[in-house]
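Structure, as C-alpha coordinates:
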Amino acid sequence: MISEFKFFSELNFFLKNNESFVVYKKPSHNKIVCHQGDVISGQIDDIDNNKGFLFMPFDLNKDGYFLKPKITTETKFHLKVNNKRTNEISIKEFSSKKKFLYKIHQ
(Lines of atoms letter the chains of each structure in order from A and count residues from 1; the text may use other names and numbers.)
(Lines give C-alpha, C1' and ligand atoms only; values in the text may rest on other atoms or scores of the structure.)
Protein backbone atom coordinates (compact mmCIF):
# COMPACT_ATOMS: atom_id res chain seq x y z
CA MET A 1 0.00 0.00 0.00
CA ILE A 2 1.44 3.38 -1.03
CA SER A 3 0.47 6.94 -0.15
CA GLU A 4 -2.40 8.58 -2.02
CA PHE A 5 0.01 11.21 -3.39
CA LYS A 6 2.44 8.59 -4.75
CA PHE A 7 -0.45 6.57 -6.20
CA PHE A 8 -1.82 9.50 -8.21
CA SER A 9 1.71 10.53 -9.21
CA GLU A 10 2.17 7.07 -10.73
CA LEU A 11 -1.14 7.42 -12.61
CA ASN A 12 0.07 10.73 -14.06
CA PHE A 13 3.31 9.03 -15.10
CA PHE A 14 1.37 6.26 -16.87
CA LEU A 15 -0.80 8.83 -18.66
CA LYS A 16 2.14 10.96 -19.80
CA ASN A 17 4.03 7.91 -21.07
CA ASN A 18 1.03 6.25 -22.78
CA GLU A 19 1.27 3.21 -20.50
CA SER A 20 -1.74 0.89 -20.31
CA PHE A 21 -3.40 0.69 -16.90
CA VAL A 22 -6.73 0.16 -15.19
CA VAL A 23 -7.89 1.60 -11.86
CA TYR A 24 -10.86 0.40 -9.84
CA LYS A 25 -12.48 0.62 -6.42
CA LYS A 26 -14.94 -1.91 -5.04
CA PRO A 27 -18.17 -0.53 -3.56
CA SER A 28 -18.01 0.05 0.20
CA HIS A 29 -14.20 -0.35 0.24
CA ASN A 30 -11.73 2.47 0.75
CA LYS A 31 -8.95 0.85 -1.28
CA ILE A 32 -8.13 1.84 -4.88
CA VAL A 33 -6.23 -0.68 -7.02
CA CYS A 34 -4.17 0.03 -10.15
CA HIS A 35 -2.94 -2.65 -12.54
CA GLN A 36 -0.36 -1.61 -15.14
CA GLY A 37 0.78 -3.93 -17.90
CA ASP A 38 0.50 -5.10 -21.47
CA VAL A 39 -2.87 -5.16 -23.25
CA ILE A 40 -3.99 -7.60 -25.91
CA SER A 41 -7.23 -7.39 -27.84
CA GLY A 42 -9.26 -10.34 -28.97
CA GLN A 43 -12.13 -12.64 -28.17
CA ILE A 44 -12.71 -14.12 -24.75
CA ASP A 45 -11.38 -17.49 -25.97
CA ASP A 46 -8.01 -15.84 -26.73
CA ILE A 47 -7.38 -15.13 -23.05
CA ASP A 48 -6.47 -18.78 -22.36
CA ASN A 49 -6.97 -18.82 -18.55
CA ASN A 50 -4.52 -15.96 -17.87
CA LYS A 51 -5.00 -13.81 -14.78
CA GLY A 52 -5.64 -10.14 -15.33
CA PHE A 53 -8.27 -7.50 -16.01
CA LEU A 54 -10.75 -8.26 -18.79
CA PHE A 55 -12.92 -5.61 -20.46
CA MET A 56 -15.43 -7.00 -22.95
CA PRO A 57 -18.23 -5.34 -24.93
CA PHE A 58 -21.75 -6.75 -24.80
CA ASP A 59 -21.53 -7.57 -28.53
CA LEU A 60 -19.91 -11.01 -28.81
CA ASN A 61 -18.72 -10.24 -32.35
CA LYS A 62 -16.47 -7.41 -31.14
CA ASP A 63 -13.04 -7.78 -29.59
CA GLY A 64 -12.39 -7.03 -25.94
CA TYR A 65 -9.24 -6.03 -24.08
CA PHE A 66 -7.18 -8.00 -21.59
CA LEU A 67 -4.59 -6.34 -19.35
CA LYS A 68 -2.02 -8.69 -17.85
CA PRO A 69 -0.58 -6.82 -14.85
CA LYS A 70 3.16 -6.30 -14.49
CA ILE A 71 2.73 -3.87 -11.61
CA THR A 72 -0.10 -3.68 -9.07
CA THR A 73 -0.33 -0.77 -6.64
CA GLU A 74 -2.91 0.07 -4.00
CA THR A 75 -3.78 3.05 -1.85
CA LYS A 76 -6.42 3.97 0.69
CA PHE A 77 -8.96 6.50 -0.48
CA HIS A 78 -10.86 8.73 1.91
CA LEU A 79 -13.76 10.65 0.44
CA LYS A 80 -14.00 14.07 2.03
CA VAL A 81 -17.61 15.17 2.24
CA ASN A 82 -18.49 18.76 3.07
CA ASN A 83 -21.17 18.55 5.76
CA LYS A 84 -21.01 22.25 6.61
CA ARG A 85 -24.06 23.26 4.59
CA THR A 86 -26.28 25.39 6.79
CA ASN A 87 -28.94 26.30 4.23
CA GLU A 88 -31.89 23.98 3.92
CA ILE A 89 -33.24 23.33 0.45
CA SER A 90 -36.96 23.41 -0.18
CA ILE A 91 -38.66 21.07 -2.66
CA LYS A 92 -39.29 24.02 -4.95
CA GLU A 93 -35.59 24.96 -4.93
CA PHE A 94 -34.56 21.33 -5.32
CA SER A 95 -36.49 21.09 -8.57
CA SER A 96 -34.59 24.10 -9.85
CA LYS A 97 -31.27 22.57 -10.86
CA LYS A 98 -29.28 25.81 -10.88
CA LYS A 99 -30.29 26.75 -7.35
CA PHE A 100 -29.58 23.24 -6.11
CA LEU A 101 -26.09 23.12 -7.62
CA TYR A 102 -25.34 26.63 -6.38
CA LYS A 103 -26.28 25.71 -2.79
CA ILE A 104 -24.26 22.49 -2.87
CA HIS A 105 -21.10 24.21 -4.09
CA GLN A 106 -21.24 27.05 -1.53
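First residue of the sequence shown: 1, per this note's numbering; consecutive thereafter.
Note that the Cβ used here is the ideal one computed from N, Cα and C, for glycine as well.
How is residue i classed by DSSP in three states: helix, strand or coil?
| i | result |
| --- | --- |
| E19 | coil |
| S46 | The question names Ser, yet the displayed sequence has Asp at residue 46. It is helical. |
| K6 | helix |
| F53 | strand |
Using a Cβ-Cβ cut-off of 6 Å (strictly less than) and excluding sequence neighbours within five positions of residue i, which residues of its own chain qualify?
| i | result |
| --- | --- |
| I40 | F66 |
| N30 | K76 and F77 |
| E4 | T75 |
In chain order, what residues of the same chain have a beta carbon less than 7 Å from the beta carbon of residue i, not counting five sequence neighbours either side?
| i | result |
| --- | --- |
| F55 | G64 and Y65 |
Would you call the CB atoms of residue i and residue j closer than 8 Å?
| i | j | result |
| --- | --- | --- |
| G37 | P69 | yes |
| H35 | F21 | yes |
Please name the residue in the options whose C-alpha comes closest to that of residue i.
| i | options | result |
| --- | --- | --- |
| K62 | N50, I44, I32 and K6 | I44 |
Cutting at 8 Å between CB atoms, please list the residues of its own chain near residue i, excluding the five before and the five after it.
| i | result |
| --- | --- |
| D46 | I40 and F66 |
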